[in-house]
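Quick note, the sequence shown lines up with residues 21 to 144 if you use the numbering used here.
All residues carry an ideal CB built from backbone N, CA and C; glycine is no exception.
Since this is a predicted model, take the numbers as computed values, not measurements.
So the structure is just underneath, and the comments pick up after that.
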Amino acid sequence: MIVGALFLGTYFVPFLALIGVALAYYFERHDEEEWEPSHFRYLIRTFWIVFLTPLVIVVIALVASIIAETAGLNVDFDDVATVTGISLLIIMLPILIFCGVRIVLSLMKSVSHKPMPSPQTWLL
21 MIVGALFLGT
31 YFVPFLALIG
41 VALAYYFERH
51 DEEEWEPSHF
61 RYLIRTFWIV
71 FLTPLVIVVI
81 ALVASIIAET
91 AGLNVDFDDV
101 ATVTGISLLI
111 IMLPILIFCG
121 VRIVLSLMKS
131 VSHKPMPSPQ
141 TWLL
C-alpha cells in the first residue's frame, strides 16, 4: 500500500513516484504475501506509462522538426516547442487520470488482500 500511496502523492509532490517505483522493484522480489507481487508489477507498469508517454511525444516532435528542417522547410524552434507543449497537455491529462484510476484500483484490491487480476496489462 505504501507504493500506491507514494504514487498518489506524486500528484502533489512530483518526485515521490521515483521513490515508489524503487520500492516496488525491491518489494516485488521480497514479497511476504502471495497477492503482493501482482500489485507491485501493476504499479511498476503504471509508472512506466506516465514516464514514457511524454518522452515519446518529445522524441516524435524532435524527429518531425529534424525531418522538416532537412526537407528545407523553415521551422522555428518556438513553433516546435509550442506544438510539443500543447501535445503534452492534451495527451497527459487523460494519461494522468487513467493512471490515477490504476493506482486507486490497486489500493482497493490491496486493502482486501486480493491480487491484481492481470498485472501485466497496460490497460485497467
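Residue range of the alpha helix (DSSP H) that includes residue 99: By one-based count along the sequence shown, residue 99 stands at place 79. Residue 99 -> alpha helix (DSSP H) spans 97-131.
Separation of residue 25 from residue 56, as counted between CA atoms: Here the question's residue 56 lines up with position 36 in the sequence shown. Here the question's residue 25 lines up with position 5 in the sequence shown. Distance between residue 56 and residue 25, taken at the CA atoms: about 15 Å.
Helix, strand or coil at residue 56 [DSSP, three-state]: Numbered from its first residue, the sequence shown carries residue 56 at position 36. In the structure shown, residue 56 sits in a helix (DSSP, three-state: H, G or I).
Endpoints, alpha helix (DSSP H) assigned at residue 148: Given that the chain is displayed from residue 21 to residue 144, the structure contains no residue 148 and the question cannot be resolved.
Cβ-based burial, residue 132 [other Cβ within 10 Å; buried from 16]: Here residue 132 is taken as the residue at index 112 of the sequence shown, counted from 1. Residue 132 counts as exposed, since fewer than 16 other C-beta atoms from the protein chains shown sit within 10 angstroms of its C-beta.
Euclidean distance between Cα positions of residue 104 and residue 126: For the purposes of this step, residue 104 is taken as residue 84 along the sequence shown, with counting starting at 1. For the purposes of this step, residue 126 is taken as residue 106 along the sequence shown, with counting starting at 1. Rounded to whole angstroms, the gap between the alpha carbons of residue 104 and residue 126 is 32 Å.
Rounded straight-line distance, which links the Cα of residue 76 to that of residue 106: Translated into the one-based positions of the sequence shown, residue 106 becomes position 86. Translated into the one-based positions of the sequence shown, residue 76 becomes position 56. One C-alpha to the other measures close to 14 Å.
Reference residue 64; option with closest CA among 123, 135, 134: In the sequence shown, the residue the question calls residue 64 occupies position 44. Residue 64 has its Cα closest to that of 123, out of 123, 135, 134.
Beta carbon of residue 136 nearer than 7 Å to that of residue 59: Counting from 1 along the sequence shown, the entry for residue 136 is found at position 116. Counting from 1 along the sequence shown, the entry for residue 59 is found at position 39. At a Cβ-Cβ threshold of 7 Å, residue 136 and residue 59 count as neighbours.
Separation of residue 113 from residue 95, as counted between CA atoms: Counted from its first residue, the sequence shown places residue 95 at position 75. Counted from its first residue, the sequence shown places residue 113 at position 93. Cα-Cα distance, rounded: 27 Å.
Residue 45 in three-state terms, based on DSSP: Mapped onto the sequence shown, residue 45 falls at position 25. When secondary structure is reduced to three states using DSSP, residue 45 falls in the helix class.
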